[in-house]
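Heads up, the first sequence stops at 437 in the numbering used here, and the numbers go up one at a time, no gaps. Every residue gets a Cβ at the ideal spot worked out from N, C-alpha and C, and that includes glycine. Small disclaimer: the values here were computed from a predicted structure and weren't measured. For reference, the structure is listed below as C-alpha cells.
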Amino acid sequence: MKKPKFQCPTGMHDILSGDQEYYQKIFDVARNVVSFYGFQKIDTPIVEQAELFSKGVGLDTDIVEKEMYTLRTKGGDFLALRPEGTTPVVRAYLEHGMFSLPSPVKLWYFGPFFRYEHPQAGRYRQFHHMGLEVFKEKGSIMDVRIMQIFYNILRELKFKNIVININSIGDNKCRTQYKRLLINFLKSRQSGLCANCKKRSKKNPLRVLDCKEEKCQKIISNAPQFIDHLCEECHEHFKGVLEFLDEAGLPYNLDSYLVRGLDYYTKTVFEITEEVRGVSANDEDEERIQKKPLSLVGGGRYDNLVKLLGGKDTPACGAAAGIERIISVMKEKEIKVVSSYSPKVFLAQLGDSAKKKSLRLFEDFRKAKIVASESFNRDSLRDQLKTANKIGVDYTLILGQKEVLEGIIIVREMKTGKQQIVKFDKIIEVMKKKLKK
RNA sequence: GUGGGCGUAGUGUAGUGGAUAGCACAAGAACCUGUGGAGUUCUUAGGGGGAGUUCGAAUCUCCUCGCUCACCCCA
Numbered sequence: 001m002k003k004p005k006f007q008c009p010t011g012m013h014d015i016l017s018g019d020q021e022y023y024q025k026i027f028d029v030a031r032n033v034v035s036f037y038g039f040q041k042i043d044t045p046i047v048e049q050a051e052l053f054s055k056g057v058g059l060d061t062d063i064v065e066k067e068m069y070t071l072r073t074k075g076g077d078f079l080a081l082r083p084e085g086t087t088p089v090v091r092a093y094l095e096h097g098m099f100s101l102p103s104p105v106k107l108w109y110f111g112p113f114f115r116y117e118h119p120q121a122g123r124y125r126q127f128h129h130m131g132l133e134v135f136k137e138k139g140s141i142m143d144v145r146i147m148q149i150f151y152n153i154l155r156e157l158k159f160k161n162i163v164i165n166i167n168s169i170g171d172n173k174c175r176t177q178y179k180r181l182l183i184n185f186l187k188s189r190q191s192g193l194c195a196n197c198k199k200r201s202k203k204n205p206l207r208v209l210d211c212k213e214e215k216c217q218k219i220i221s222n223a224p225q226f227i228d229h230l231c232e233e234c235h236e237h238f239k240g241v242l243e244f245l246d247e248a249g250l251p252y253n254l255d256s257y258l259v260r261g262l263d264y265y266t267k268t269v270f271e272i273t274e275e276v277r278g279v280s281a282n283d284e285d286e287e288r289i290q291k292k293p294l295s296l297v298g299g300g301r302y303d304n305l306v307k308l309l310g311g312k313d314t315p316a317c318g319a320a321a322g323i324e325r326i327i328s329v330m331k332e333k334e335i336k337v338v339s340s341y342s343p344k345v346f347l348a349q350l351g352d353s354a355k356k357k358s359l360r361l362f363e364d365f366r367k368a369k370i371v372a373s374e375s376f377n378r379d380s381l382r383d384q385l386k387t388a389n390k391i392g393v394d395y396t397l398i399l400g401q402k403e404v405l406e407g408i409i410i411v412r413e414m415k416t417g418k419q420q421i422v423k424f425d426k427i428i429e430v431m432k433k434k435l436k437k
C-alpha cells in the first residue's frame, strides 16, 4: 500500500462510521442511566494548566512524569492535554463555586483524553472516558452507588460477567503507617524479590503487591494486609462499602492488592472488569485465559483532592470508564449496535417528472421522521433496486411516469417482493403504519 | 523508555532471489432507460519509505516510518 504522506499520529485513530455507532450507543446509554441518578453533564477544555495535573494527580505518578502532552502557548502559559478527567472537574467545581450547590454535587463527562505512552491492547494516546464525580458526600453509600451506576450502564450494554474488584487504601494517616510496615517487611526479604520489585520496594512499595512474578507472589502472600491496618475511620467506611455492596446485590471481589496509580485516591478504590468467556483450552488460548482482563472502569474516593487544589475540605468520589475498552469487549462478545439512522425506505424514480416529485417526497419523509434513502444519480430501476437491496431497506417505493400521471406510487416489500399500489398523497401515512409494525 | 511479531490494491490474502505480482470480496461500468439478492464481461487499484547485497529483490541485510503485542503503568 502506498502510504499517504500524512497519517494519524501514533496511537491515535480516526473513528469511522462503523465505530461511531458504538460510541453513540455508549454515550446514549450512559446519559440515560446517569441522568436518572441526577447527574449534570460538564465539559471542560481539552487543555489545562499543566500544573493542575502535577499537583492533582501527583508529581511522581507515571501519568504526570512521562505521559503528559505539554505545550507552551505564545503567551507563555504551560498547558497540558488532559490525561484524566477528575482533576479538571475539581478545578471547575472550585472555579464556579459549586460548593454552594445543594449537596451532593453530581457531575458527569464524556470526552477525549490524552496520554503519551506506547499503544497496545486497550490503550491509546487518545482515548475516551465517560466519568462521574460526586462532591460533598462522605458516606460510603455514595461509593457503592457509583459502582452501581457503572454496573447498570454495562448491564444495559449487555455485559454479563461483570466483576467489581474493590479495596481500600486508607487515608494519609494509615497509609503512611502501612507503607512503613510494608517497607520493613520487604526489606527483610529483599533477596527473594524480582529486580523490578527491589526498586519498587522503597519508592512505591504498594506496587509490589501487584507484581505477577511468582517469587514475589510467594512473599506477598505473607505480607501484612492493608485491610488489617486501616485506621478506625477508614475501616468503618470500608465496612460500610461492603455492606452496601451486599445490599445492592452487586458482584464484587475483594482484592487486597488493588492499588491505583493516581495519588489522589483515599479509602475506597475499585475497578470493574468483564470476564471474557473462558475459551476452551486450545494450546494457543491458554495464555489468554490466565491473563487478567483489562479494567473497563476505574475509580474511588478522593477526599483530599479538593482541598489540595485550594478548596475547602470536601469529600468526593468518582470513577471513569474507558470507552475504547468497552467497545473492544463488545466486539469480542459480538454485542451488536444498530443505528437508528439506518434507512428503512428507498425511493426509486424513473423519468424526469418522477425525479422531480421524488425530490419533494424525500423531504416529506424527513419531516415525518422516516429515514429514507435514494439514488437519484441512477436512472435504471434495476440499479436502484440493487442499491436498495445493498442498503438493506425494508421497503422500496417506485415512482415512474405512469405512477405520476395516475397519482399513485408502488410500495415494494423487499423481503417478499410483494408490491402494493398506494395513492401518492397517502404514502407517508401508509409507510408510518407499516414501519410501526 | 525496553523487548517480540508484522507491513503486498479499499478490505482480506497468495507468492521465501527470476518473466505481465495471483486470488477473493468491495467499488465503478456494460449486458439491461420499468423491477433487487444471481450470472458473465470489462475497469479502477498493490509489496510503507530509503539505502545496500545481486546480473536480477515483495522475498536477503541495514536504517527509518507505521501497525501490533508485551514489560512499566493505566481506563
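Quick one: Cα of residue i to Cα of residue j, how far?
i      : j      : result
Thr48  : Leu79  : Per the sequence shown, residue 48 should be read as Glu rather than Thr. Roughly 5 Å between the two C-alpha positions.
Thr10  : His118 : 9 Å
Ile391 : Pro343 : 8 Å
Arg82  : Val241 : 30 Å
Leu347 : Tyr22  : 28 Å
Ile421 : Ser375 : 21 Å
Tyr257 : Val163 : 16 Å
Phe114 : Tyr124 : 8 Å
Lys187 : Gln177 : 15 Å
Val134 : Lys357 : 55 Å
Glu286 : Lys418 : Annotation note: pLDDT 39 at Glu286 (below 50); position unreliable, no value reported.
Ile219 : Arg72  : 46 Å
Asp303 : Asn161 : 31 Å
Ser17  : Asp246 : 41 Å
Lys41  : Ile153 : 16 Å
Leu385 : Ile272 : 48 Å
Ile146 : Ala320 : 10 Å
Ile409 : Ala30  : 42 Å
Asn377 : Glu84  : 47 Å
Ser373 : Asp14  : 26 Å
Gln126 : His235 : 38 Å
Ile428 : Ile370 : 9 Å
Leu193 : Arg175 : 22 Å
From what residue to what residue does the beta strand (DSSP E) around residue i run?
i      : result
Cys234 : Cys234 -> not in any beta strand (DSSP E); alpha helix (DSSP H) instead, spanning 232-248.
Leu107 : 105-114
Val297 : 297-301
Lys436 : First-last for Lys436: 427-436, but that is the alpha helix (DSSP H), not the beta strand (DSSP E).
Ser168 : 162-168
Gly56  : Gly56 -> not in any beta strand (DSSP E); alpha helix (DSSP H) instead, spanning 50-56.
Tyr93  : Here Tyr93 belongs to no beta strand (DSSP E); instead the alpha helix (DSSP H) covers 86-95.
Hey, could you find the ends of the alpha helix (DSSP H) residue i is sitting in?
i      : result
Val29  : 17-36
Glu403 : 401-406
Asn152 : 140-156
Asn204 : Taken as a continuous stretch (DSSP letters only), Asn204 belongs to no alpha helix (DSSP H), as it is neither H nor E.
Arg180 : 172-187
Val384 : Reading off the sequence shown, one finds Gln at residue 384, where the question assumed Val. 381-391 is the span of the alpha helix (DSSP H), which, as asked, contains Gln384.
Is residue i buried or exposed, if buried means 16 or more other CB atoms sit within 10 Å of its CB?
i      : result
Lys25  : buried
Arg382 : exposed
His96  : exposed
Pro102 : exposed
Pro315 : buried
Glu403 : buried
Glu284 : Note that Glu284 scores a pLDDT of 39, beneath 50, so its modelled location is shaky and nothing firm can be said.
Tyr93  : buried
Val338 : exposed
Phe270 : buried
Thr61  : buried
Pro251 : exposed
Pro205 : buried
Ala354 : buried
Lys106 : buried
Ser201 : buried
Asp352 : exposed
Cys8   : exposed
Ser140 : buried
Just to check my reading of the structure: residue i and residue j have Cβ atoms closer than 8 Å, yes? What is that Cβ distance to the nearest angstrom?
i      : j      : result
Cys502 : Thr268 : Residue 502 is absent from the model: the chain starts at 1 and stops at 437.
Thr387 : Arg412 : That pair is no contact at about 13 Å.
Gln349 : Leu294 : With a Cβ gap of about 50 Å, Gln349 and Leu294 do not count as contacting.
Arg301 : Tyr265 : 7 Å
Leu296 : Glu274 : 6 Å
Asp43  : Gly122 : So it is not a contact: roughly 25 Å between Cβ atoms.
Original post:
Touch check for the region 57-70 and the region 166-184: three-plus C-beta pairs under 8 Å?
Top reply: no
Original post:
Counting Cβ pairs closer than 8 Å, one from the region 319-332 and one from the region 129-146, do we hit at least three?
Top reply: yes
Subject >> Contact the region 362-375 vs the region 298-315: 3+ CB pairs below 8 Å >> reply: no
**OP:** For the region 224-241 and the region 162-169, state whether three or more C-beta atom pairs, one from each stretch, are separated by less than 8 Å.
**Re:** yes
Original post:
Does the region 34-51 come within contact of the region 88-99, defined as at least 3 CB pairs closer than 8 Å?
Top reply: yes
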